[in-house]
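There are 2 protein chains.
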Amino acid sequence: MLSNSSKYAIKAVLFLALNSSEENKIRVKEIAEPINVPQAYIAKLLQDLSRENIISSLRGPKGGFYLTNENKNNSILNIIVVIDGDKKLKACMLSLDKCNETNPCPLHDMLNNSRDEILKKLKHKTIKDLALSVKLGKSFLPL
Amino acid sequence: MLSNSSKYAIKAVLFLALNSSEENKIRVKEIAEPINVPQAYIAKLLQDLSRENIISSLRGPKGGFYLTNENKNNSILNIIVVIDGDKKLKACMLSLDKCNETNPCPLHDMLNNSRDEILKKLKHKTIKDLALSVKLGKSFLPL
DNA sequence: TCTTAAATATGATTTTTGTCATATATTTTT
DNA sequence: AAAAATATATGACAAAAATCATATTTAAGA
Chain A
4 MLSNSSKYAI
14 KAVLFLALNS
24 SEENKIRVKE
34 IAEPINVPQA
44 YIAKLLQDLS
54 RENIISSLRG
64 PKGGFYLTNE
74 NKNNSILNII
84 VVIDGDKKLK
94 ACMLSLDKCN
104 ETNPCPLHDM
114 LNNSRDEILK
124 KLKHKTIKDL
134 ALSVKLGKSF
144 LPL
Chain B
4 MLSNSSKYAI
14 KAVLFLALNS
24 SEENKIRVKE
34 IAEPINVPQA
44 YIAKLLQDLS
54 RENIISSLRG
64 PKGGFYLTNE
74 NKNNSILNII
84 VVIDGDKKLK
94 ACMLSLDKCN
104 ETNPCPLHDM
114 LNNSRDEILK
124 KLKHKTIKDL
134 ALSVKLGKSF
144 LPL
């Protein structure tokens with residue numbers, strides 16, 4: 004469902020949401036360790052996210068990654084789509100292209116309500132929402 | 004969530020449920036084409052399933068794969084576990100090992116109800132159930 | 001008992017995903 | 001203007017998943 008890369012990316016963005024700001028940028032090496040992802044790997048993912056404006060970055064001394072308020076309004080789904088593309092998530096559970104709502108395959112028929120719920124949540128929950136959930140003690144780290 | 008291999012396996016078993024019986028065994032080459040999976044690949048998966056008694060088989064002329072009534076009572080989850088193992092399905096959405104019900108990570112908190120629903124359905128729906136759903140016109144093929 | 005038709009076992013190859021390394025571009029500080 | 005610290009771009013390498021190939025075993029039928 005989610006690739007490893009997506010999971011890493013979500014962890015990194017969440018970390019940025021909780022620890023960074025425009026005034027407080029964070030370097031790759033400072034992200035990699037607390038979220039338990041190899042530095043070179045998370046660097047590449049962060050670059051992908053930055054290119055697609057999911058996160059912000061600045062090079063040079065005093066540079067680093069950070070989230071603007073606008074960035075924080077991105078949905079979790081956006082992160083996943085940037086990293087994994089959108090095919091995997093939208094596809095039928097058996098990857099049948101002839102399968103759809105009016106002509107559901109057996110698995111589709113059985114699982115799609117729950118699946119659509121997940122998709123809807125991923126689409127509507129923002130980075131900000133998740134960060135808030137942590138701050139309120141509804142959910143927990145570490146990553 | 005489901006590997007390609009699992010999807011193929013489910014398709015094959017469903018095909019057997021609808022078309023085979025102890026008296027009417029089906030050869031690999033007769034399965035591969037209608038479910039759109041390369042023959043050599045589905046052969047290997049069928050062997051895995053056979054070894055774990057999810058499906059039945061007989062070698063030699065007049066041999067082939069088939070489902071007994073007992074086979075048909077297997078859950079869909081059983082197929083997946085044989086092919087993919089059980090780690091992937093049970094793992095937290097962010098693959099955090101410190102994440103659990105009482106200490107949920109943000110994604111866990113957000114998605115786990117739906118996820119558990121899916122798991123429950125996979126565990127309780129049998130091959131027979133799905134085949135019936137097709138026969139009753141509730142869901143559709145082809146695979 | 002021999003031949004043939006099937007599954008089975010094993011492993012080789014290819015593709016995709018994940019990981020690592022290095023050279024380049026940009027920004028800040030001196 | 002030069003030096004240093006950072007992200008960026010690119011691509012090499014490794015591991016895992018998917019695919020393909022081949023030799024072996026088993027059962028049926030002549």
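In the order they appear, the protein sequences are chains A and B.
When the letters of the first sequence are read in order and numbered with this note's numbering, they come out as residues 4 to 146.
When the letters of the second sequence are read in order and numbered with this note's numbering, they come out as residues 4 to 146.
Each residue gets a CB set at the ideal place from its N, CA and C atoms; glycine is no exception.
For the segment 37-63 of chain B, the continuous beta strand (DSSP E) assignments of 3+ residues that do not extend past its boundaries occur at 59-61, in sequence order. Assignment of A:Phe-143 by DSSP, reduced to helix, strand and coil, places it in the coil class. Under the DSSP assignment, B:Gly-67 falls in the beta strand (DSSP E) whose first and last residues are 67-69. If you draw a straight line from the Cα of A:Ile-86 to the Cα of B:Leu-125, it comes to about 28 angstroms. With respect to the 8 angstroms criterion, B:Ser-53 and A:Ser-117 are not classified as neighbours on the basis of their beta carbons. The beta carbons of B:Leu-110 and A:Ile-13 sit closer together than 8 angstroms.
Cα atoms of A:Ile-82 and B:Ile-34: separation of roughly 39 angstroms, rounded to the nearest angstrom.
Per DSSP, the unbroken alpha helix (DSSP H) holding B:Asn-22 starts and ends at 7-22.
The continuous alpha helix (DSSP H) containing B:Pro-109 extends over residues 109-127. By the criterion of a C-beta distance shorter than 8 angstroms, B:Val-84 is surrounded in its chain by Leu-92, once the five residues flanking it on both sides are discounted. Positions of the alpha helix (DSSP H) runs, each at least 4 residues long and wholly inside the segment 83-112 of chain B, are given as 90-93 in order along the chain.
Non-local C-beta neighbours of B:Phe-143 in its own chain, meaning closer than 8 angstroms and more than five positions away in sequence, comprise Val-137, ordered along the chain. Distances from the alpha-carbon of A:Cys-102 to those of B:Glu-25, B:Leu-48, B:Leu-17 and B:Pro-145 put B:Pro-145 closest.
Taking CB atoms only, B:Glu-73 has no neighbour in chain A less than 8 angstroms away. Between the C-alpha atoms of B:Phe-68 and B:Asn-74 there is a straight-line separation of about 12 angstroms.
For the set A:Glu-36, A:Ile-38, A:Leu-99 and A:Ile-58, the Cα lying nearest the Cα of A:Lys-131 is the one of A:Ile-58. Chain-ordered listing is empty here: chain B has no CB closer than 9 angstroms to the CB of A:Glu-104, the nearest sitting near 11 angstroms. Near chain A, meaning a CB-to-CB distance below 7 angstroms, no residue of the segment 24-41 of chain B qualifies. When 8 angstroms is used as the limit between beta carbons, A:Leu-80 is near no residue of chain B, the shortest such separation being about 12 angstroms. For the segment 5-16 of chain B, the set of positions with a beta-carbon nearer than 7 angstroms to some beta-carbon of chain A reads Leu-5, Lys-10, Ile-13 and Lys-14 in chain order.
Look at A:Asn-81 here: in three-state DSSP terms it is helix.
Using beta-carbon distances, A:Leu-48 does not count as an interface residue toward chain B, since no partner is under 8 angstroms.
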